[in-house]
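Numbering (our numbering), first residue to last: 456 to 684.
Yeah, the Cβ is synthetic: ideal placement off N, Cα and C, and Gly gets one too.
This one's a predicted model, so the numbers in the text were calculated from it and none came from an experiment.
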């Protein structure tokens, strides 16, 4: 932060500075608890000057949310190299990095905050979910996914969101375990769907064919075998 430091900035530079300051404050506390006075003080400018760049806290929150949404969507980007289980595990690690760094802001966005319910907020949240969906579908090599696969992927994305929110409430389960569990959840959702549909069965067999025994999917199979015995 630049608390107490005053210097002349261009319009866009100042806007970006205020967005960055707001994001930092929102990452520590719910946006509802952060005032324009705090944002102005942290940016080293006066309260009226904040309103010169943003009409109010809602517009600043939406601008900060847009930057955060772009950041979060980018966490799902992963090179299409190596086994799918290892790729998903890396994606989950980056996803939880974001949740860990922006806990209160992430929680406020998903559970309720100053802009929740607005068309801007809804569009941003949907854009993150859609970006995650498209990334996973691309990794599965299914440009025209069948209905059951779409259901699996979108359900898994919702599960990841819910898991992150529960984890933030006290962090009672080790983060690394949840990251691995979510990858296992993805495999389990695919397996259940494959039990009802031959196209999903063929896809699951193709995915598992490239999975090493020591990978996340192999680990799940070993755990299930041990449980059954």
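- Between residue 478 and residue 662, the C-beta gap is not smaller than 7 Å, which leaves the two residues out of contact.
- The C-beta distance from residue 559 to residue 484 rounds to 5 Å, short enough to fall under 8 Å.
- Within the segment 573-611, the complete alpha helix (DSSP H) runs of at least 4 residues fall at 574-595.
- For residue 492, the uninterrupted alpha helix (DSSP H) segment begins and ends at 491-498.
- For residue 645 and residue 619, the gap between their C-alpha atoms comes out near 21 Å.
- Taking the Cα of residue 475 as reference, the smallest distance to any Cα among 613, 526, 626 is reached at 526.
- Contact between the segment 494-502 and the segment 544-551 is absent: fewer than three C-beta pairs spanning the two stretches fall below 8 Å.
- Contact between residue 528 and residue 583 holds: CB atoms are separated by about 5 Å, below the 8 Å threshold.
- Distance between residue 490 and residue 574, taken at the CA atoms: about 23 Å.
- Of 504, 488, 516, 487, the smallest CA-CA separation from residue 469 is found for 504.
- Considering only 531, 482, 522, 595, the residue with the shortest C-alpha distance to residue 655 is 595.
- Contact check for residue 603 against residue 640 fails: the beta carbons are separated by 7 Å or more.
- When secondary structure is reduced to three states using DSSP, residue 485 falls in the coil class, being assigned neither helix nor strand.
- In this structure residue 659 is not in contact with residue 643, their Cβ atoms being roughly 11 Å apart against a cut-off of 8 Å.
- Here residue 542 is buried, its C-beta having at least 16 other C-beta atoms within 10 Å.
- Exclusion of the five residues before and after residue 628 leaves 622 as the residues of its chain whose Cβ lies within less than 7 Å of its Cβ.
- With respect to residue 580, residue 608 sits apart: the two C-beta atoms are not nearer than 7 Å.
- Under the DSSP assignment, residue 547 falls in the alpha helix (DSSP H) whose first and last residues are 539-556.
- Taking residue 577 as reference, the option from 553, 674, 524 with the minimal CA-CA separation is 524.
- Assignment of residue 626 by DSSP, reduced to helix, strand and coil, places it in the coil class.
- About 6 Å separates the Cβ atoms of residue 515 and residue 473, confirming a contact at the 8 Å cut-off.
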